[in-house]
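>
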Amino acid sequence: MRTEYGEFFFLFAVALGAVSAFFFFSKNNGPEGALCAMVRFPSGAQIKCELASTPSRHALGLMFRRELPADRGMLFVFGEEGDRTFWMKNTFIPLDMVFIGNDRRVRKIFNGVPPFSEGMKDEDLPRAGAPSSRYVLEISSGAAAAGGLGEGGRLAISYFREAKDCAFLP
Numbered sequence: 319m320r321t322e323y324g325e326f327f328f329l330f331a332v333a334l335g336a337v338s339a340f341f342f343f344s345k346n347n348g349p350e351g352a353l354c355a356m357v358r359f360p361s362g363a364q365i366k367c368e369l370a371s372t373p374s375r376h377a378l379g380l381m382f383r384r385e386l387p388a389d390r391g392m393l394f395v396f397g398e399e400g401d402r403t404f405w406m407k408n409t410f411i412p413l414d415m416v417f418i419g420n421d422r423r424v425r426k427i428f429n430g431v432p433p434f435s436e437g438m439k440d441e442d443l444p445r446a447g448a449p450s451s452r453y454v455l456e457i458s459s460g461a462a463a464a465g466g467l468g469e470g471g472r473l474a475i476s477y478f479r480e481a482k483d484c485a486f487l488p
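Mapped onto this note's numbering, the consecutive letters of the sequence shown carry residue numbers 319 to 488.
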């Protein structure tokens, strides 16, 4: 009988430790409950990002914006890797679009994607896309080159859940 209790408590302690470790180590690795993110390029350049991690935020993106500072962007986060295609519908600022895999390595960069123009037909809208992307980073045109970002580079992404860390948000 004593052995059964010992085994139970041992297994309980192991399970509790595993759950605790999961929450401790995943604290800054996912967008659940996050308000914003910081993306760090291999060069050390940093971009403060709004998050788009829901279908409605994915659809809205940076539409209707008239400006985007060079150190700001939007990070689109998807549940898993997949083929991603973005278009510039109602996006009035030129962008660099960075497609990123699960491993946080840059798959493809589209530099200087031209903005939307009034009267533009949907079939004429600029588009950018890449396979096997879990994240897409939209930043001001020229910011990728200015930050020394290239394909194959690995990005560091930190998520923040406190309003004080996201004071830059519009």
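Glycine included, every Cβ here is placed at the ideal spot set by N, Cα and C.
Taking the alpha-carbon positions, what's the ALA363 to GLY465 distance?
So the alpha carbons of these two residues sit roughly 5 Å apart.
> Straight-line CA distance for ARG445 to PHE478?
Going from the Cα of ARG445 to the Cα of PHE478 covers about 30 Å.
> Enumerate in chain order the residues of its own chain whose CB-to-CB distance from ALA352 is below 8 Å, with the five nearest sequence positions on each side excluded.
Here the set comprises LEU369, SER371, TYR477, PHE478 and ARG479.
> Shortest alpha-carbon distance to SER451 belongs to which of GLU398, PHE410, LYS407 and GLY430?
The shortest Cα separation from SER451 among GLU398, PHE410, LYS407 and GLY430 belongs to GLU398.
> In terms of residues, what are the limits of the beta strand (DSSP E) holding SER508?
Lying outside 319 to 488, the shown extent of the chain, residue 508 is not represented and no answer is given.
> First and last residue of the alpha helix (DSSP H) that includes ALA448?
ALA448 -> not in any alpha helix (DSSP H); beta strand (DSSP E) instead, spanning 445-458.
> Let me check understanding here. Comparing Cα to Cα, which of PHE359, ILE418 and ALA461 lies closest to VAL454?
Considering only alpha carbons, the answer is ILE418.
> By how many angstroms is the C-alpha of ARG422 removed from the C-alpha of ASN347?
In this prediction, ASN347 has a pLDDT of 44, which is less than 50 and means its spatial position is unreliable; what the coordinates show is noted afterwards. C-alpha separation (whole angstroms): 11 Å.
> With DSSP as the reference, label LYS482 as helix, strand or coil.
Residue state, collapsed to three classes: helix.
> Would ASP414 and PHE396 qualify as a contact pair, given that the criterion is a beta-carbon distance under 8 Å?
Going by C-beta atoms, ASP414 is not nearer than 8 Å to PHE396.
> Along the chain, where does the beta strand (DSSP E) containing ALA388 start, and where does it finish?
Counting along the chain, ALA388 falls outside any beta strand (DSSP E), and DSSP gives it neither H nor E.
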